[in-house]
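Written below as structure tokens is the structure these notes are about.
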Amino acid sequence: AQEVDGHDVAQIYAAILRAQAVEGKSSAIILHTIKGKGCTFAEGVELNHHMRFTKEQIEEAIAALKGGR
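Numbering-wise (the working numbering), the sequence shown opens with residue 311 and increments by one.
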């Protein structure tokens, strides 16, 4: 199995290419990620899958997502 940073598209792509090059056996890619990465109010918060956002938090999240592209 390969383990890569699940927030790094280049690492994910390289792992996929390596997995596709293997013939005759199964491959696995483990992506290490952080829930809410990039949104300071949600990053690492255990229960962030059902948070209620303030207007300011929504704006911060949108800005963080746009900045990460």
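For glycine and all other residues, C-beta sits at the position ideal for the given N, C-alpha and C.
Give me, in chain order, the residues of the same chain whose beta-carbon lies closer than 8 Å to that of residue i; leave out the 5 immediate sequence neighbours on both sides.
i	result
Ala324	Val314
Gly316	Ile322, Leu341, His342 and Thr343
Val355	Lys345, Gly346 and Met361
Ile326	Ile339
Mapping DSSP to helix, strand and coil, what is residue i?
i	result
His317	coil
Ile340	strand
Glu369	helix
Among the candidates the options, whose CA atom is the shortest distance from the CA of residue i?
i	options	result
Ala371	Cys349, Phe363 and Asn358	Cys349
Glu353	Ser336, Val319, Arg328 and Leu375	Leu375
With burial defined as no fewer than 16 other Cβ atoms inside 10 Å of the residue's Cβ, what is the status of residue i: buried or exposed?
i	result
Ala311	exposed
Ala373	exposed
Does the ligand FAD have a heavy atom nearer than 7 Å to the CB of residue i?
i	result
Tyr323	Although the ligand FAD was asked about, the structure shown includes no ligands whatsoever.
Kindly list the residues whose CB is nearer than 6 Å to the CB of residue i, restricted to its own chain and excluding five residues on each side of it in sequence; keep chain order.
i	result
Gln367	Phe351
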